[in-house]
Each structure stands twice: as structure tokens, then as C-alpha cells.
Amino acid sequence: MATSHASRILSLLLLWIIPEINAVDKGNFKKCDDSSFCKNNRAIQPGESPYSVVKDSIVFTEPRYEVKDVLIQEPQPVSNQKLKQDDESVHIGFNNNSVVLTFEPFRLDFLVDNEVAVSVNSRGLMNFEQYREKRKVVVKVEQEDEEGHAPGENEEENQMISLSRYEKYSKKDVLSEDNNEKKEEERVEEENFEENFKEHHDSRPRGPCSVGLDISFPGVEHVYGIPEHADSLALKTTVGSEPYRLYNLDVFEYELESRMALYGSIPVMIAHSVARTVGVFWMNAAETWVDISSSSARKSMLNSLMSFFKGSEEVPQVDTHWMSESGIIDVFVMLGPRPHDVFREYASFTGTTALPPMFGIAYHQSRWNYNDEDDVKNVDKGFDEHDIPYDVLWLDIEHTDGKKYMTWDKLKFPTPDHMQKNLAAKGRKMVTIIDPHIKREGGYHIHEEATSLGYYVKNKDGGEYENWCWPGTSSWIDFTNPEIRKWWAGKFALSEYQGSTETLFTWNDMNEPSVFHGPEITMHKDALHHGDWEHRDIHNIYGFYQHMATAQGQIDRSGGRERPFVLSRAFFAGTQRNGPIWTGDNTAEWGHLKASLPMILTLNLVGLPFSGADIGGFFLNPDPEFVSQMVPGCGISAIFPRSRSFGHEAPLWVEYPEEKNTFAMEDEFLLGKDLLVKPVTTQGQNSLDVYLPGKGELWYDLHDFKIYRGENTIYVSTPLEKVPVFQRGGSIIATKQRVRRCTALMHKDPYTLTLALNSNAEAEGDLYVDDGYTFDYKNGAYIYMKFTFQGGRLTAKREKPNTQYSTPAWIERIAILGISNAPKGIFLTADGGESRHLHFTHDSSSNTMIIKKPAVNIAQEWTISMHA
15 MATSHASRIL
25 SLLLLWIIPE
35 INAVDKGNFK
45 KCDDSSFCKN
55 NRAIQPGESP
65 YSVVKDSIVF
75 TEPRYEVKDV
85 LIQEPQPVSN
95 QKLKQDDESV
105 HIGFNNNSVV
115 LTFEPFRLDF
125 LVDNEVAVSV
135 NSRGLMNFEQ
145 YREKRKVVVK
155 VEQEDEEGHA
165 PGENEEENQM
175 ISLSRYEKYS
185 KKDVLSEDNN
195 EKKEEERVEE
205 ENFEENFKEH
215 HDSRPRGPCS
225 VGLDISFPGV
235 EHVYGIPEHA
245 DSLALKTTVG
255 SEPYRLYNLD
265 VFEYELESRM
275 ALYGSIPVMI
285 AHSVARTVGV
295 FWMNAAETWV
305 DISSSSARKS
315 MLNSLMSFFK
325 GSEEVPQVDT
335 HWMSESGIID
345 VFVMLGPRPH
355 DVFREYASFT
365 GTTALPPMFG
375 IAYHQSRWNY
385 NDEDDVKNVD
395 KGFDEHDIPY
405 DVLWLDIEHT
415 DGKKYMTWDK
425 LKFPTPDHMQ
435 KNLAAKGRKM
445 VTIIDPHIKR
455 EGGYHIHEEA
465 TSLGYYVKNK
475 DGGEYENWCW
485 PGTSSWIDFT
495 NPEIRKWWAG
505 KFALSEYQGS
515 TETLFTWNDM
525 NEPSVFHGPE
535 ITMHKDALHH
545 GDWEHRDIHN
555 IYGFYQHMAT
565 AQGQIDRSGG
575 RERPFVLSRA
585 FFAGTQRNGP
595 IWTGDNTAEW
605 GHLKASLPMI
615 LTLNLVGLPF
625 SGADIGGFFL
635 NPDPEFVSQM
645 VPGCGISAIF
655 PRSRSFGHEA
665 PLWVEYPEEK
675 NTFAMEDEFL
685 LGKDLLVKPV
695 TTQGQNSLDV
705 YLPGKGELWY
715 DLHDFKIYRG
725 ENTIYVSTPL
735 EKVPVFQRGG
745 SIIATKQRVR
755 RCTALMHKDP
765 YTLTLALNSN
775 AEAEGDLYVD
785 DGYTFDYKNG
795 AYIYMKFTFQ
805 GGRLTAKREK
815 PNTQYSTPAW
825 IERIAILGIS
835 NAPKGIFLTA
845 DGGESRHLHF
855 THDSSSNTMI
865 IKKPAVNIAQ
875 EWTISMHA
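Take the numbering used here: the final residue in the sequence shown is number 882, and no numbers are missing along the way.
Right, here's the structure in full:
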């Protein structure tokens, strides 16, 4: 990352060109009032929840959908100790934390360091709306007398109403027009049972249902997470406005500063304060809405719990209200207390990010659409002629035979295997699009097999679900069935996917799922999946399952040896195990460029760092200045947004959790923990202010090596070719700086180590190396080196000495930043051998020193000593 040339190779680009399309029609998508369960739960007033804990009882009821396959393991039980119990509550301690369970009304309070950190149902908004069947209700009213009374009966008995708590009938509803006849009616309860949105009908055969719960975070002012929304990093209050919605949807040209649902959903929220960081994971795959508001702990917490706060002053508090249409209440509370503790807790049960192949984090080229094999050949040739490196060329739907996935247009792409092999000869790969909707056409092998095997999603009546998507009349594979996922994975075998090769990889698009003639451009909620579960129960996890099956197909294709690369548009918790995602159909304008930062940073916070946005936008035509930001090696694309970088990115408060002024900062970020980036996101901006965190820390501008102190705001110029990047003092970063045609050709290239010294003239860093494409690292085929500079000595040690991997890559250059005096001599000792003298140069004006050609293998242990 130290130079633009190196940065070229370490960014992933998707460049789209598409005609202008009208802005999103918000009328096609629901608001809370359009979803009765959201409207009803939101109407519950604090304290109305009737739930209490019946001691020593467990009740099993009709099961709701439990989200399968998201967890890699069930959380392990920990030793606990009952600290206190009385008739009102029980107090249990575990891992230096504790939880207070109040019986009536039900409430849970989680304590960290003897202070309440998370409070569940403290506002009494818990709600569990049961499944039920439609009931027939007899409504009977006799003729009234002149005074309005029925003869011989009292008024209460005569004015019978529906037993449903959602529907009431007045007398005028059941009396005939002349008001002289008695009338008896049999009605079916329908109000709030079935539901309509625009022209679409939801039969809701199990009736209206929902789950809801309030979760409060005392002592905090900021919460983050619950992607995907085109909104700020720190979540905003929803009082007087729409809640945040989690419901995977295909939203063309989505609006900014909006709580509207987008392509993916991760129901994870993180609350942060100077004192602590905590998180919650609401494991529910149904449509979910989340309200957020701010309050004071003294006003909203029970007085009996105020003793758990240090001091007696009022403390800030963020209150949240979670509402899902179906499923169970399954909540994971992560108590930190530091940001990385929360990240580790979440990863311990949903998994870590899959290690991608090296080409997966490189520069990719895509558009809608490359026309034919000659077009592909010319595009590839053009990159070489203009000396622009790239690794992967992408093909959209027009490469197929009539939009039938896993096929090729025989006229435009007559020899797809040769086309791929020609790219592979240069070290490059290809990606083709494969969506979950299957064209209903006789002779199409995927359709005929799915039909004969019963592998399609069913409609509410049990027949095959049919609707409209890119191919026309289509049906959707039911990826919720493990048997079907196995079948789908088998379709990526070279013998099944005719014309494919080992260097062909996959892009799963439209897998929210997008259904053109469906409600909100998605599948009907009463469609049926494996196990007789309705689509409403599994909606947000549908794309997750296609992503999983596709990735497994690529693994199986290689006999289990090679890492897959599958990009998905839809996602859920756990998607990080399967591959990358992107932020969907954005627009080529500066507002979307700026919004991509908080959107991707939010994804990083909730465990999905391998993510990015379309560089250059999906809609509209970018202006020249905007285009300059997406050229590889220049502008913002060199390092982060609109790139699907594998490095972990965060907002500044993750590494500097006690600096309050970073808590809402979203226009700069850290790449890893040692590179700070402040990209240009405003048209015509030729300078900007950069905040450098960390009291007592040093930061080095990697463009001119100037040194700045932390906890300080500086002013820097930003010409078109520059993205302000600063390396933290005390760090060592390894880069490859030789420009190649693609990353496959860089594997044997030498490394440069850049040392940025802290105020104690010390630095440390590490480097991981493997073959870049197989799973052999799981069997110890990798190198993990630790570099340390202290007391004028630079050492390299193998942190995992028992691992076995060899590479010809060596160290060709060492740059030391922040060294004011040149030593008299520099000597290197490798693997206990004799010392040899190294050549170096020192620049006193910039306090930098370059050590030339240490010429040691990257896997060697060695020491460089400086003699004063």
C-alpha cells in the first residue's frame, strides 16, 4: 500500500456501464404501517408486555423457524455461580460478569464490571403473537325497541361482537337496511389475518404472527450495525420516522440517508462508549424492523438497578425495539468489553471470513455486458496495451443461451473453454453470473432436472412457484434443502457445466430473491420451502444458502483442494464464511461514493470485511473527475471503497475506543490497524482535513513522509492522483511493489518492508504468506513472520516455526521512516551465519533511510544491526 503501483494490485474493481434509469419508486416498497406486524408491535406502549417467568418450568409449543446453518457451533456453556436469589429475581455470575433475571415482569439485565451494559425487556415491549387458525364468528342482533333495547334481553348480551381481538362489529353492521329484522351472520375473521400490498395478496395461512423485544444499552450514545442501509455509520433515532428495515430486496438506484431495506441483512448491533463495547445478534431470518431512540437510564431503568451504576447521575442510554414477522426470539448478547472482544465473540459462533484466493482481492473488470469472444479478447488486449493490471474478467447474463444459466450463447461464445484458457495463460481468471431463478424451458437440463426432482420452491397450493425474472417465466431453486444444495454444488463439475474450466468462478446475483412480478419485487411470503416452511420464515437467508451451495460446488470441482471465489448480492449473518458481497446497484455520483464508506465500514463491524461497492457506479455516466477516483492506482479505488478489499477496515473508534470525537466519524477509516485513509468524496475537493487519532502517537504521510502527532487535525492537499494515507508510528508493513499484469505473476516477487518508528524509535509488524489459492495452509503450508525493530536492531522470526512452506520470494528493500541520524554501518546476520555489510542511504531532510537488497528469503530468520 505504500505506493500507487502496489495499490493497483490490491484492489478489486467492478466497473459498470448502463443507461440512465429512473430513481427508485418508494411506493413499490413497504413502510412500517404497510406491515401489520410492524404497525401492531410499534403501537405497544412501554410496560404493556404481560410476560413473566414461571420458575422451574419449560414449555414446548409449536415450533417456529429456527435459523439453520448460520452458527458454526452452539455457544459453549460456561461455569456460573448463583450469587443471589429471592422471590423477585435471581442473580447469576459468569466470566467476571453477571446477569439479573427478574421474574415479573420478565426482564434480563447483563452487567459488566458491576454496571448494567445490556437490558432486555426493561421497557416491557416483549411480544409473541401466536399462530392461529381462522375462526368463524356468529354475530347475532335482535330487533330493537323504540328505546334501542332488544325485548327480554339485556344490551350486553344482544350486542355480540367477534371473538377476535382484531375485529369488532357494531350493531349497524349486522342489521338489515330497514332496521326491522333480526339478523344472524356467520363471518370469517379476516381483518389483519390476510394482508394485501398494492395488487399482491398474502394469504397468511397461519394467521398474523410476530415476535418483538426491546433491548437497551445504558451508558452509550452511539450504536452501529444492522446492515444493509444507505445511511450513516452511527445509527440514527427513528422517533417520528421509519424504523430500520431488514428484508433483502432488489432496490434499483437506492436512495441515500434511508432506512429502507436493501440487498442483505445482518441483524447485529454494536453499542460503544468510552467505558465498554457490547453487541447483540437477533438471529431471525424473517422480515425485521428496528426502532432506535435515546433516553436516560435514571428515567427508564428500574430504581432497584440504579445501584449498579457508579455514581448517581443520569446516564445516557440507547433504546432499541426489534420486531420480526415470524420465527423465535433467539438473541445472543456479546459483552465485550472491548471492540475486538465483541468481534471475537461473534466470530466464535458465526465463523470468520474465508481466506480468499489471491486473485479475489485483486483488480476485477466487469460491465453489462461484453458482447462476444472477440469483445473479451479486445478488452483483455486493451488492458495490456495501457499497462493496467487486472486479474478477472466478468460476464453478465448476455453470455448465456437465452438467459439459461450454466449455458453459453453458441454464436457469441462458441469456444468458452478456449477463451478461458487464453486468459489463464496470462494468469487471469473469468467470472460468470449464475442467478437462482431458472428459465422454464423444455430441453434446458437444469429446469428439467429441478422439475423431475421437485427441487423448485412451491407456491401456497403446493405447485411449482412461477414468476418473472430476466429469462421470462421462471422458477426458483429451493436452496433451503440440504439435498438440493448438494445437487446444485454438483452442477459446477466440469462435466456438468459444459464449457467451464478450473479458472471459471461465479457471481450469484438477484438472490434476495429478486422476483419481478412479486410483492416488493421479491417472492410471495406464502410460498413454501423445504420442511413446509413459508418464505416469510426464511426470506433473509435464501441468498445465503445459494452462496453456500455455489461455493461448495467450486470446492468440490477441485477435489476439495482449491479455495472458491463466489460473489453474492444477498447476504446474512455467516455469509463471511462463503465469500464476498457488494453493495448492489449504486449510482455514479458523489453522494453514493461518499455513502459507500459508512456502508462498507458497517459491514466490517458486523463480521463481513470482504465487501465492496461498484467502482464508478452501476447507474448513470460518471464525469471525468469521478472516473479518476476509480482508475487503478489512483483515487479512492486504490485502497478501499468500491473495492472488495480483504484487509480488515474499521472506523477509528475500534482501535481508539476512548476518543469520543471518533465515535460518529465515517469519512476516514483504518486499513488494518496501521494505515489511516481519508478519501476524497466531494467533487472539486483539492484539500481536506484529516484527524489523526492516538495521543502520543506518530503518523507518517506516505506521499512525502512528513511526520504528524496523534490526537490532532491536519490540513492536506488532495490532487486527483492522491488519496491521503498515513502509516502509524510503531508499525512495519510488507508490500510488493513491482507492477505485473496480474497477481499470479507476482507470487515470486520480492518484498519491501516499510518501518514507521514511534516516539521510542520502535516498530513491529507481521507477514502471512501461502500459495495463494489452495487449502494447503490448513495443513501447515504457510509462513507467518514477526518483524521487530528495537534498540537499533531489526529482527525477523517465524512465529509458527513448525509450518512448512517454501517460496523464492525475498526482501529487496527496507525503508525506515522517522530515523533522524544515519548509522555508521549496517550488518545482517541470517540463520546464525556470518554477518555481512548492507548498503544504505539516509535522507536527513525527510528522516528516512533505505537499506538496499538485504537479499534474504522471506521465510528466513535474520537480524539487522545498526552500528552508531
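Backbone N, C-alpha and C define an ideal beta-carbon position, used for all residues, glycine too.
Is any non-hydrogen atom of the ligand COA found closer than 7 Å to the C-beta of A438, if you look at the structure I gave you?
Among the ligands in the structure shown, none appear at all, so the ligand COA cannot be discussed.
Nearest residue (CA-CA) to N525, options W547, L542, Y559 and F519:
Y559
Looking at W490 and F530, is the spacing between their C-beta atoms short of 8 Å?
Contact: no.
Per DSSP, C483 forms a beta bridge with which residues?
G486
Which residue or residues does DSSP assign as beta-bridge partners of W876?
A810 and A844
For N700, which residues in the same chain have their Cβ closer than 8 Å to its Cβ, ignoring the five residues on either side in sequence?
S731, T732 and P733
Top-ranked residue by Cα proximity to A627, from N128, N618 and L611
L611
Run through DSSP, which three-state label would N262 get?
coil
Can you give the Cα-Cα distance for P868 and G832, rounded to whole angstroms?
20 Å
Check Q566 in the structure and name its three-state DSSP category.
Correct three-state label for Q566: helix.
Paired residues, beta bridge with Y729 - DSSP
D703
Rounded C-beta distance between A438 and T517? I'm assuming under 8 Å.
4 Å
Which two residues bound the contiguous beta strand (DSSP E) that contains D857?
H853 to D857
How would you label I399, buried or exposed, when you count the other beta carbons within 10 angstroms and need 16 or more for buried?
Just to set this straight, residue 399 is Glu in the shown sequence, not Ile. With fewer than 16 Cβ atoms within 10 Å of its Cβ, E399 is classed as exposed.
Can you say whether K709 is buried or exposed, counting buried as having 16 or more other CB atoms within 10 angstroms of its CB?
Exposed, because fewer than 16 other Cβ atoms sit within 10 Å of the Cβ of K709.
Residue from L409, F363 and N54 whose Cα sits closest to the Cα of F336:
Here residue 336 is Trp; the residue named in the question, Phe, does not match the sequence. Taking W336 as reference, the option from L409, F363 and N54 with the minimal CA-CA separation is N54.
Helix, strand or coil for M524 per DSSP?
coil
How about T251 and P281: are their beta carbons less than 8 Å apart?
no
Where does S136 land, buried or exposed, given buried means 16+ other C-beta within 10 angstroms?
Only buried fits S136, as 16 or more other CB atoms lie within 10 angstroms of its CB.
Alpha carbon to alpha carbon, how far is L702 from L619? Give it in angstroms, no decimals.
26 Å
Cβ neighbour criterion (16 or more within 10 Å) applied to Y258:
buried
From which residue to which residue does the alpha helix (DSSP H) around H459 run?
H459 to L467
Expected contact under 8 Å - CB spacing of I447 and I411 to nearest Å:
6 Å
Give every residue of the same chain whose Cβ lies closer than 7 Å to the Cβ of S217, excluding the five residues on either side of it in the sequence, and list them in chain order.
Only residues of its own chain outside the window of five on either side were considered, and among them E208, K474 and D540 have a CB closer than 7 Å to the CB of S217, listed in chain order.
By the DSSP assignment, the alpha helix (DSSP H) with F363 in it spans what residues?
Counting along the chain, F363 sits inside the alpha helix (DSSP H) bounded by residues P353 to T364.
On the DSSP bridge assignment, give the partners of K53 in chain order.
Paired residues: none, contrary to the question.
Assign H717 to one of three DSSP states: helix, strand, or coil.
coil
By alpha-carbon positions, which one of R754, V580, Y65 and F43 ends up nearest to D405?
R754
Rounded C-beta distance between K692 and D681? I'm assuming under 8 Å.
7 Å
Measuring straight from C-alpha to C-alpha, what distance separates V292 and I229?
12 Å
Check whether the segment 385 to 397 touches the segment 788 to 802, counting contact only when three or more Cβ pairs, one atom from each stretch, lie closer than 8 Å.
no
Straight-line gap, F43 to D415 (C-alpha atoms, nearest Å):
33 Å
Per the DSSP calculation, R446 is bridged to which residue(s)?
Sequence inspection shows Thr at residue 446; the Arg mentioned does not correspond to that position. DSSP lists L409 and T520 as partners of T446.
For F585 and I595, believed in contact at Cβ under 8 Å, the rounded distance:
5 Å
On the DSSP bridge list, what partners appear for E548?
L542
Distance between T809 and I878 (C-alpha atoms, nearest Å)
6 Å
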